[in-house]
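Residue numbers (my numbering): 749 to 1039. Ideal placement from N, C-alpha and C gives every residue a C-beta, glycine not left out. These figures come from a predicted structure and were not determined experimentally.
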């Protein structure tokens, strides 16, 4: 009898072929690892290639708790969405959402309120195409959609016809940029970008952020993170860290919600929480409310 592991090993090459075919059809270089597909691989997803998984194997040697960090980041996102829904927010704009994984934002939001509306945004073709297929299969496209755009084009996102069809900007919106801004260098002024988004949102809107960090880590981990950042120079996108103080500046104009800027596991934890001590100091997160 074929075991689950054997079947996975049998199916994986065919999944790779499908992903690579999509990439090549979109004119994307499939020989370079892509951060969004790499993140999918961290979480054990299927929207990645052998190139991406080889990169994951490489960086896991550099920064052993990277997969635990990705899981904790995803768990934070889910808790933040639940809190937003519990506070009565019914509109969600998830920028840099990546490929579909278990426990997507719309699944949590619709469970809390069947009339919730969700717009996913990603710049990656694979993430967008695979997400649209999943949304069609779930028969939720009247309330949930995905568009292909870049964080650095706020008006292109906010004024997109599909965004306008689902989001009423006269009402509060939960804006999510989870594990996203660490791909944005200072030259693109992330604080100014966030301020632009804030100016377009109604009072009561929420901002959900998480970000790779090392300022609170041991010297050994700081060195590991520095090498980790160097490894990302061989992908399609650079990677950056920001300190707790820099994270606080990103929330200028927002009212930070309790417990403020915190490590992922410390932001309103539920049960169970991954308490891997090796990943604890490697990210900051927070939620702000527009007054």
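Tell me, please, which residues DSSP counts as bridged to residue i.
i: residue 1037; result: 954 and 1003
i: residue 893; result: 867
i: residue 926; result: 958
i: residue 1047; result: Any question about residue 1047 goes unanswered here, given that the chain covers just 749 to 1039.
i: residue 1010; result: 1033
Hey, how far is the Cα of residue i from the Cα of residue j?
i: residue 990; j: residue 930; result: 7 Å
i: residue 789; j: residue 884; result: 23 Å
i: residue 813; j: residue 966; result: 14 Å
i: residue 961; j: residue 943; result: 22 Å
i: residue 887; j: residue 881; result: 10 Å
i: residue 982; j: residue 934; result: 20 Å
i: residue 992; j: residue 907; result: 32 Å
i: residue 890; j: residue 865; result: 9 Å
i: residue 817; j: residue 904; result: 31 Å
i: residue 862; j: residue 912; result: 19 Å
i: residue 1039; j: residue 1001; result: 8 Å
i: residue 917; j: residue 955; result: 14 Å
i: residue 855; j: residue 1031; result: 25 Å
i: residue 872; j: residue 1003; result: 31 Å
i: residue 997; j: residue 963; result: 15 Å
Which residues mark the beginning and the end of the beta strand (DSSP E) in which residue i is found?
i: residue 869; result: 865-870
i: residue 1126; result: What the structure shows of the chain is the stretch from 749 to 1039, and residue 1126 is not part of that stretch, so it cannot be assessed.
Helix, strand or coil, according to DSSP, for residue i in the structure here?
i: residue 853; result: helix
i: residue 802; result: helix
i: residue 965; result: coil
i: residue 847; result: coil
i: residue 921; result: coil
i: residue 715; result: Since the first and last residues shown for the chain are 749 and 1039, residue 715 lies out of range.
i: residue 915; result: coil
i: residue 972; result: helix
Residue range of the alpha helix (DSSP H) that residue i falls in?
i: residue 998; result: 992-998
i: residue 821; result: 814-834
i: residue 884; result: 873-886
i: residue 786; result: 783-790
i: residue 940; result: 938-948
i: residue 902; result: 902-906
Quick one: residues in its chain with C-beta nearer than 7 Å to the C-beta of residue i, no 5 flanking neighbours on either side, listed in chain order?
i: residue 1018; result: 827
i: residue 1028; result: 1011 and 1013
i: residue 804; result: 786, 789 and 790
Tell me which residues share the same chain as residue i and place their Cβ nearer than 6 Å to its Cβ, disregarding the 5 neighbours each side in the sequence.
i: residue 910; result: 893 and 895
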